[in-house]
Amino acid sequence: MKDSSRVLITGTPSTGKTTTAKRLAETLNYHYTDVAKVIVEEKLYKGLDEERGSFIVDVKRAREFFATYLTERQGVVLDSHVVEIFPRKLIDKVLVLRVHPLIILRRGVERRWPLRKCLENAQAELLGICLSDALRYYGKKKVWQVNCTCRSAEDVVSEILCILQGKGERRDVDWLVELEKEGRLDLLLEIEKARDLPKDLFKLLNNCG
């Protein structure tokens, strides 16, 4: 496991990053790092996006901070949906958690997040934005996808452990392909409509698994 001592758990908000990262860190006896909390505490942001209810990360300053932070530590599990704030060479494995877009939407609404944020998260997961960002920044060799839909945290962590031990199997997740199988390729259009029409949002939520 020594070649996987700095692990990044990432993915769209509501994919279960925090639960997974904490359990993985506990299992490996690694240090768990809530990156969003560190960014706030160290003031590594440029301002607040009031509409989305989130801070705008200062990527350059954050990367400089985490260069020192990670150099000083071994055995770290990072929990973050922003992937480009860590020096590439200091991250050993990147696990991108994937969850069905409708479940992402439902979880966001249940947490009473701003409507626009919920819809954008569902759309981002549908299009694989976090995966694309991770692949572009870290390259395919370091990046692995883990489908967490309808799975327990223990099951997800077990799969991640296999990956870290070099025994994992690559399983690509493409929600457009899955939605085609489900006869739901209109989901992207429905999400766009729901931005302006609350009744369409309720229709989407009623179809959540």
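Sequential numbering of the sequence shown, starting at 731, is according to my numbering. For every residue, glycine included, the Cβ atom is placed at its ideal position computed from N, Cα and C. Predicted model only: the values in this text are computed from it and were never measured.
Annotation for residue 759: no alpha helix (DSSP H) segment contains it, and DSSP assigns it neither H nor E. Beta-bridge analysis with DSSP links residue 741 to 827.
Between residue 738 and residue 813 a beta carbon distance of about 7 Å is seen, short of the 8 Å cut, so the two are scored as contacting. The alpha-carbon of residue 821 is positioned some 16 Å away from that of residue 860. For residue 786, the number of other beta carbons within 10 angstroms of its own is below 16, and it is reported as exposed. Of the other Cβ atoms in all chains shown, 16 or more fall within 10 Å of the Cβ of residue 744; this residue is therefore buried.
The Cβ atoms of residue 805 and residue 775 lie no closer than 7 Å to each other. The beta carbons of residue 893 and residue 905 sit no closer together than 7 Å. For the pair residue 824 and residue 868, the CB atoms are nearer than the 7 Å cut-off. In the DSSP assignment, residue 784 forms a beta bridge with 779.
Under the three-state reduction of DSSP, residue 874 is assigned to strand. Using a Cβ distance threshold of 7 Å, residue 796 and residue 816 count as a contacting pair.
Bridge partners of residue 806 according to DSSP: 736, 761. Residue 746 carries a coil assignment under DSSP once its states are collapsed to helix, strand and coil.
Ranked by Cα distance from residue 757, the first of 890, 784, 865 is 890. With contacts defined by Cβ atoms closer than 7 Å, residue 851 and residue 740 do not form a contacting pair.
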